Amino acid sequence: MQQNIKQTDVLRRITKYIRQNLELQVILTAAAADLRSFLGMDRVKVCKFNPDGSGQVIAESVDDNCLPAMLGLHFPGDEIPAETRELYVKVRVRSIVNVDTKEIAQSAVYDLETTEIVPEEIRYRPVDPCHLEYLTAIGVKSSLVLPIIHDEKLWGLLACHHSQPRVISESDLELVQMLVDQISIAIVQSNLLSQMPEKAARDSSLRHIVTLLHSLSTVELQPALAQAIVAFGGSGGRLCIREKKQSNYPEDFISCLSSSNYLKVYTYGKQPVMPELAKYKLMEQYSIWQERYKFGNYDDIWAISDIYQVHGLRFLQVAFQGSKVRSILMIPLHHRQKLLGYLSIFRNKVEEETVWAGEFDSDQRQLYPRQSLNAWREYNKTPISQWSTEEIQLANEVGKQFSFAIHEYQLQQDLHKQTNHLQRSIQKQETLVRALTKMRQISQSRF
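Using the working numbering, read the sequence shown as starting at 8 and increasing by one per residue.
Here's what the structure looks like:
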């Protein structure tokens, strides 16, 4: 009875944290502390996975007299096998390891074949030697690990460690599972709240771009380009459209790509440096863009996370070699299936210092993570910045605004050219009429 009361108190406190706090970090830290106090274990940590599969300890409560602190440390993705990750997601498998007995006890929430909820059943088997070595190296005798799922994906893990053998009861497991379920709710809440200021910032940037393109006496393409690049956190970008039409210039943008003389390019920030022997002077002239949009699929924004992974972008790889640019967002500008130009946003590679487990701590209980560090650091020293779904949506809106503005701008140019041509024709006709009138007057005066 007393145990049930304690369990209820823990869950009540965590639920209260979720309702009263907007910061996920605060909720996770409080949950780790409460759970460690209830279980009487030496460490409770929450590890969140990155898109590349690596993980980071983002919340922890630890008795540092028994186990080393791991808060903020990163772990390579290959420390958790792919098949284990799959079990975490599909059946929500929970694992309990006893290092002394070399056994692992596992129970699943869902059936692997039917995906239906299954009765509580714990199965025992020998622990994988590598995992046993890992736990021994970090000073752990007993561990409990549960997956944290968000949007049907493995968001992270909740891990409880103890430096001495410890029995994990079914009631303990039930409590931790309920706590993990509450954490999943907190993640949903946190994501919704974090999207609000991000959306507000995107809307503000879009309004500014609209003002520059549509609300002023002239179309401000250069400032609008700069604002667009800032909105995407870019390091540079370009707006390529056809130059003012001359009598011998092609009528459409695609034909103008045959010569840089026919094109007008606005630039901001970092730019590609084309080699002297390059086939074309401008990046927009290369056929990869025309090939991409040859079927008129101009609504398809090309979000390139890593230019060095796209075979057809070898010319850009050379042009950007002296810079940190790694990603490109290519936005085709069009009006009624007519290509008007290209808007491109450049973004640098992500440079961040990643502190891996075992990198600096001399504590012998962290020797195993240090062993897997060397090869992994070489592999992940230039992480790639992915273009998010929200950024693609913003790019669609920005592209529409630029397309409409450029269409109107070019119509005005054409109208202005026609007006000038008409005025010159009228002036010529008036001059001719005056000349004829004068000649007639001279002729009449003679007779």
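C-beta atoms are modelled at their ideal positions from N, C-alpha and C, and glycine is treated no differently.
For clarity, every value in this text was computed on a predicted model and none was experimentally measured.
Practice prompt. Entirely within the segment 89–157 and at least 3 residues each: give me those beta strand (DSSP E) ranges in chain order.
Written response: 101–105, 110–114, 130–133, 149–157
Worksheet entry | 9 Å Cβ cutoff met for residue 242 and residue 332 | Locating residue 242 in the sequence shown gives position 235, where the first residue counts as 1. Locating residue 332 in the sequence shown gives position 325, where the first residue counts as 1. A contact, by the Cβ cut-off of 9 Å.
Worksheet entry | Per-residue burial, residue 371 [other beta carbons within 10 Å of its own, 16 or more giving buried] | Stepping through the sequence shown from its first residue, residue 371 is reached at position 364. Unreliable positioning characterises residue 371 in this predicted model, as indicated by a pLDDT of 48, which lies under 50. A coordinate reading is not provided.
Worksheet entry | Residue from 302, 306, 246 whose Cα sits closest to the Cα of residue 412 | For the purposes of this step, residue 412 is identified with residue 405 of the sequence shown, where counting begins at 1. When only C-alpha atoms are compared, the closest one is 246.
Practice prompt. Look up residue 339 in the DSSP assignment and give the residues it is bridged to.
Written response: Counting from one through the sequence shown, the residue named residue 339 turns up at place 332. DSSP output for residue 339 lists 349 as bridge partner(s).
Worksheet item: Under the rule that 16 or more other beta-carbon atoms within 10 Å means buried, what is residue 439, buried or exposed?
Response: For the purposes of this step, residue 439 is taken as residue 432 along the sequence shown, with counting starting at 1. Exposed, since its Cβ has fewer than 16 Cβ neighbours within 10 Å.
Worksheet item: Any idea what DSSP makes of residue 238, helix, strand or coil?
Response: Locating residue 238 in the sequence shown gives position 231, counting from the first residue. In this structure, residue 238 counts as helix in the three-state DSSP scheme.
Item to complete: Return the chain-ordered list of same chain residues with a C-beta closer than 8 Å to the C-beta of residue 259, the five sequence neighbours on each side being excluded.
Response: Position 252 of the sequence shown, counted from the start, is the residue given in the question as residue 259. Same-chain partners within the cutoff: 249, 345, 346.
Discussion item. By alpha-carbon positions, which one of 146, 65, 94 ends up nearest to residue 82?
Written reply: Position 75 of the sequence shown, counted from the start, is the residue given in the question as residue 82. Nearest option by C-alpha distance: 65.
Worksheet item: Who pairs with residue 355 in a beta bridge, going by DSSP?
Response: The residue given as residue 355 occupies position 348 in the sequence shown. 332.
Practice prompt. Report, in whole angstroms, the separation of the C-beta atoms of residue 300 and residue 236, which I expect to be a contact under 8 Å.
Written response: Start at 1 with the first residue of the sequence shown, and residue 300 comes out as number 293. Start at 1 with the first residue of the sequence shown, and residue 236 comes out as number 229. Not really, about 22 Å apart at Cβ, beyond 8 Å.
Worksheet entry | Residues near residue 221 in its chain [Cβ-Cβ closer than 7 Å; skip 5 each side] | Mapped onto the sequence shown, residue 221 falls at position 214. These residues qualify, in order along the chain: 412.
Worksheet item: How should residue 431 be labelled, buried or exposed, when 16 other C-beta atoms within 10 angstroms of its C-beta is the threshold for buried?
Response: Against the sequence shown, residue 431 aligns to sequence position 424. Taking every protein chain shown into account, the CB of residue 431 has fewer than 16 other CB atoms within 10 angstroms, so this residue is exposed.
Discussion item. Buried or exposed, going by whether 16 or more other CB atoms sit within 10 Å of the CB of residue 339?
Written reply: Counting from one through the sequence shown, the residue named residue 339 turns up at place 332. Residue environment: residue 339 is assigned as buried (16 or more neighbouring CB atoms within 10 Å of its CB, all protein chains considered).
Practice prompt. Compare the C-alpha of residue 161 against each of 191, 129, 46, 175 and name the closest.
Written response: Numbered from 1 along the sequence shown, position 154 holds the residue referred to as residue 161. Of the listed residues, the one whose Cα sits closest to residue 161 is 191.
Worksheet item: Cβ of residue 354 less than 9 Å from any chain B Cβ?
Response: Chain labels in this structure do not include chain B; a single protein chain is all it has.
Fill in: Beta-carbon proximity of residue 182 to residue 18, cut-off 9 Å
Translated into the one-based positions of the sequence shown, residue 182 becomes position 175. Translated into the one-based positions of the sequence shown, residue 18 becomes position 11. Contact flag set, yes.
Worksheet entry | Beta-carbon proximity list for residue 435, same chain, < 6 Å, skipping 5 on both sides | As a working mapping, residue 435 is identified with position 428 in the sequence shown. Same-chain partners within the cutoff: there are none.
Worksheet entry | DSSP three-state assignment for residue 211, whether helix, strand or coil | Looking up residue 211 in the sequence shown gives position 204. The answer is helix: DSSP assigns residue 211 an H, G or I state.
Item to complete: Using beta-carbon positions only, say whether residue 392 and residue 330 come within less than 9 Å of one another.
Response: For the purposes of this step, residue 392 is taken as residue 385 along the sequence shown, with counting starting at 1. For the purposes of this step, residue 330 is taken as residue 323 along the sequence shown, with counting starting at 1. Contact: no.
Worksheet item: Is DSSP giving residue 64 helix, strand or coil here?
Response: Residue mapping note: residue 64 aligns to position 57 of the sequence shown, counting from 1. The answer is strand: DSSP assigns residue 64 an E or B state.
Worksheet item: From residue 323 to residue 282, what distance separates their C-alpha atoms?
Response: Walking along the sequence shown from the start, residue 323 turns up at place 316. Walking along the sequence shown from the start, residue 282 turns up at place 275. When rounded, the distance between both Cα atoms is 10 Å.
Discussion item. On the criterion of 16 or more Cβ atoms from any shown chain inside 10 Å, does residue 93 qualify as buried, or is it exposed?
Written reply: In the sequence shown, the residue the question calls residue 93 occupies position 86. Around the beta carbon of residue 93, a 10 Å sphere encloses fewer than 16 other beta carbons of the protein chains shown; the residue is thus reported as exposed.
Worksheet item: Are the Cβ atoms of residue 152 and residue 139 separated by less than 9 Å?
Response: Against the sequence shown, residue 152 aligns to sequence position 145. Against the sequence shown, residue 139 aligns to sequence position 132. No, they are not a contact pair.
Discussion item. Applying the 10 Å Cβ sphere with the 16-neighbour rule, what's the burial state of residue 373?
Written reply: Counted from its first residue, the sequence shown places residue 373 at position 366. Note that residue 373 has pLDDT 48, beneath the 50 cutoff, so the model's placement of it is unreliable and no number is given.
Fill in: Closest residue to residue 336 among 272, 321, 314, 325 (Cα-Cα distance)
Working through the sequence shown from its first residue, we reach residue 336 at position 329. Among 272, 321, 314, 325, the Cα nearest to that of residue 336 is on 314.
Fill in: Euclidean distance between Cα positions of residue 25 and residue 39
Here residue 25 refers to the residue found at position 18 of the sequence shown. Here residue 39 refers to the residue found at position 32 of the sequence shown. In a straight line, the C-alpha of residue 25 is about 13 Å away from that of residue 39.
Worksheet item: Since residue 170 contacts residue 74 with CB under 8 Å, what's their CB separation in whole angstroms?
Response: Here residue 170 refers to the residue found at position 163 when the sequence shown is read from its first residue. Here residue 74 refers to the residue found at position 67 when the sequence shown is read from its first residue. Confirmed, about 6 Å.
Worksheet item: Near residue 187, which residues of its chain fall below 8 Å by C-beta distance, leaving aside the five closest residues on each side in sequence?
Response: Here the question's residue 187 lines up with position 180 in the sequence shown. If we look at residue 187 and ignore the five residues flanking it on each side, its Cβ neighbours are 153, 154, 155, 165.
Fill in: residue 301 - DSSP class collapsed to helix/strand/coil
Taking the sequence shown and counting its residues from 1, one reaches residue 301 at position 294. Residue 301 falls in the coil class under three-state DSSP.
Worksheet item: Does the distance from the CB of residue 45 to the CB of residue 231 come in under 9 Å?
Response: Locating residue 45 in the sequence shown gives position 38, where the first residue counts as 1. Locating residue 231 in the sequence shown gives position 224, where the first residue counts as 1. In this structure, residue 231 does not lie closer than 9 Å to residue 45 by Cβ.
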